[in-house]
Amino acid sequence: MTLHPSVRDPARSPNATPVPAPVFAADIGGSWVRMRDGGQQAPAERLPSPSRLRHPDRPVHQLRAEMLQLLSDRVPAGARAVLSFGAAIDHLTGSVYGSAPLWGDESAPYDLAADLRRRRPDVTWQLVNDVTAALLDFAATHARPGTRRVAYLTVSSGIGLRIADLERTRIPVDSGGLQGEVGHLPVPLSEPGAEVLAGLPCECGATDHLASVASGPGMVRAALRLGLADAGRLPEWLPGALAAGDPGARRLLELCAAPVAHLLRTLWCLDPHLDLVGVGGGVVEGLGGHYAAEIRRRLATATSYADRGRDADWLDDRLVFCEPGRVDPLRGVLGIGEWLPGITP
Ligand SMILES: [Zn+2]
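Every letter in the sequence shown is one number past the one before it in my numbering, and letter 251, counting from 1, is 1062.
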């Protein structure tokens, strides 16, 4: 008899009904590791992450060993462990390509899933990127009957996008197990005045990427380039300055939101069946209505016969700006079992 991996071996009492494996969920970021043992209703526990962000002095091999130990010490015997990981991940293998907050500029891929399986072979380990986990939560809470494809875009310390096909329960990836790493695409600086932002660096080491100007750190770089006096305390200054109609703050928002609006416009041009898009992350949460209004203003503007501008009802129907707490990767990753067979090239 083959035993489904998520069911405990009932060998000790052959007549008993198989007991479902306990579920352990974790959301791993540069600042915190959040864990939940026992499903959706169980309380979440939060521990400081053994990361480069918190321990700039520790070598990468030590940080990785500490992460392995933290996870394998916590997970219950025979569990199904679902992990949302704040890094670019090969979704086909569980290998981690790199994460500046966790492991600095270490660029050699690291097969975290393989190390976890070696260390705790009794556990079924399932690993996805945190944008994928956030997308699953957004789709579960916001998709309506008939929604065909749904996307989640995070604009935060980095920028990432994931699209799911709800009709086929699929999240297509490339041969490297990736999808939607849009933060590292070249940024269009085509509108008048945007050339002032040319040459800004990206966390990946290149220049002129979308994240160079539109992520949280990118907006700080853009503010410095524009010579704004409050660039050093941007998250504290910008919302109030926008509310007060400060022209420098307004210009910064326009320049940094433009390439994000361009990305959304391109997505809808390429995929008219993309029925729902969530936009979240620290930049969106921090700037709130100012950010949403600027993106909507740009999408409402006609740019050509092929892009005639989207009216308010059309946008209301498809575009959701997510306030803090609305999307939770720790909740979303619990649904990954249903999706994993459909995460394929
Ligand atoms: Zn980059």
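Beta carbons: idealized from backbone N, C-alpha and C, even for Gly.
Give a single yes or no on whether residue i has its beta carbon closer than 6 angstroms to a heavy atom of ligand 1.
| i | result |
| --- | --- |
| Ala1017 | yes |
| Cys1067 | no |
| Cys1013 | yes |
| His872 | no |
| His866 | no |
| His953 | no |
| His995 | yes |
| His1084 | no |
| His1020 | yes |
Compare the C-alpha of residue i against each of the options and name the closest.
| i | options | result |
| --- | --- | --- |
| Val942 | Ala1104, Ile1106 and Gly1091 | Gly1091 |
| Leu1141 | Val1088, Cys1013, Glu1105 and Met846 | Met846 |
| His953 | Cys1080, Ala1111, Leu1087 and Leu1110 | Leu1087 |
| Val961 | Phe949, Ser967 and Gly969 | Phe949 |
| Cys851 | Ala836, Trp843 and Arg865 | Rather than Cys, the amino acid found at residue 851 in this sequence is Gln. Measuring from the Cα of Gln851, the nearest candidate turns out to be Ala836. |
| His999 | Gly1010, Leu989 and Glu992 | Note that residue 999 is Pro in the sequence shown, not His. Cα-wise, what sits closest to Pro999 is Gly1010. |
| Ile970 | Leu1063, Ala1025 and Leu903 | Ala1025 |
| Glu1105 | Ala1060, Thr1077, Ala975 and Gly1038 | Ala1060 |
| Ala911 | Leu927, Arg930 and Gly840 | Gly840 |
| Leu1151 | Ala944, Pro859, Thr1018 and Arg875 | Ala944 |
| Arg930 | Asp1041, Leu879, His872 and Ala853 | Leu879 |
| Glu1047 | Leu1098, Pro920 and Pro983 | Leu1098 |
| Pro956 | Glu978, Ala924, Leu972 and Ser968 | Glu978 |
| Arg875 | Ser862, Val886 and Gly1093 | Ser862 |
| Leu964 | Thr958, Asp976 and Leu946 | Leu946 |
| Met973 | Pro1012, Leu858, Leu989 and Ala951 | Here residue 973 is Arg; the residue named in the question, Met, does not match the sequence. Comparing Cα positions, the closest option is Leu989. |
| Ala1054 | Arg959, Tyr1116, Ser1001 and His1101 | His1101 |
| His872 | Asp1041, Trp914, Leu864 and Tyr908 | Trp914 |
| Gly1027 | Ala1040, Ser967 and Leu996 | Ser967 |
| His995 | Thr1018, Val984 and Ile982 | Thr1018 |
| His902 | Arg981, Pro932, Asp1082 and Leu882 | Arg981 |
Apart from the five residues on each side of it in sequence, which residues of its chain come closer than 7 angstroms, Cβ to Cβ, to residue i?
| i | result |
| --- | --- |
| Ser986 | Pro1156 |
| Arg819 | Caution is warranted here: a pLDDT of 44 is assigned to Arg819, below 50, making its placement in the model unreliable, and the coordinate value is therefore given only provisionally. Pro829, Val830, Ala832 and Gly889, listed in sequence order. |
| Glu1096 | Glu1134 and Pro1135 |
| Pro816 | Confidence in Pro816 is poor, its pLDDT being 41 and thus under 50, which makes the residue's placement too unreliable to answer from. |
| Trp786 | Since the first residue of the chain shown is 812 and the last is 1156, residue 786 is not available in this structure. |
| Leu1045 | Met1030, Val1031 and Ala1034 |
Between residue i and the rest of its own chain, which residues show a CB-CB distance below 6 angstroms, the 5 nearest in sequence each way excluded?
| i | result |
| --- | --- |
| Ile1147 | Val893, Gln937 and Val939 |
| Glu856 | Met846 |
| Val1138 | Ala945, Asp948, Phe949 and Gly1091 |
| Asp976 | Arg960 |
| Tyr921 | Val907 |
In chain order, what residues of the same chain lie with their CB nearer than 8 angstroms to the CB of residue i, ignoring the 5 residues before and after it?
| i | result |
| --- | --- |
| Leu1110 | Ala1072, Leu1075, Arg1076, Gly1120, Arg1121, Leu1126 and Leu1130 |
| Ala853 | Arg847 |
| Thr813 | In this predicted model, Thr813 has a pLDDT of only 35, less than 50, meaning its place in the structure is not dependable; the value taken from the coordinates is given anyway. Same-chain partners within the cutoff: there are none. |
| Leu1050 | In the sequence as displayed, the identity of residue 1050 is Pro instead of Leu. Excluding positions up to five away in sequence, the list reads Gly1097, Leu1098, Gly1099 and His1101. |
So with Cβ pairs under 7 angstroms, would you call residue i a contact of chain D?
| i | result |
| --- | --- |
| Gly1091 | In summary, chain D is missing from the structure at hand, where a single protein chain is found. |
Notebook entry, point to check: So does the stretch 1068 to 1075 actually touch the stretch 997 to 1007, counting three or more Cβ pairs closer than 8 angstroms?
Noted result: Here the stretch 1068 to 1075 lies against the stretch 997 to 1007, with 3 or more beta-carbon pairs under 8 angstroms apart.
Notebook entry, point to check: What runs of the alpha helix (DSSP H), each 4 residues or longer, lie entirely inside the stretch 886 to 939?
Noted result: Segments of the alpha helix (DSSP H) lying fully in the stretch 886 to 939: 911 to 914 and 923 to 930.
Next item on the list: Any chance you could list the alpha helix (DSSP H) runs of at least 4 consecutive residues sitting entirely within the stretch 948 to 1026, in chain order?
Entry: Segments of the alpha helix (DSSP H) lying fully in the stretch 948 to 1026: 1021 to 1025.
Checklist line | 4-residue-minimum alpha helix (DSSP H) runs that sit fully inside the stretch 1046 to 1133, ordered along the chain | finding: For the alpha helix (DSSP H) assignment, the uninterrupted runs of no fewer than 4 residues enclosed by the stretch 1046 to 1133 are, from N- to C-terminal side, 1058 to 1081, 1093 to 1111 and 1123 to 1129.
Check: With contact counted as at least three CB pairs below 8 angstroms, one residue from each stretch, are the stretch 1104 to 1121 and the stretch 864 to 875 in contact?
Finding: With the cut-off at 8 angstroms, the stretch 1104 to 1121 and the stretch 864 to 875 do not touch.
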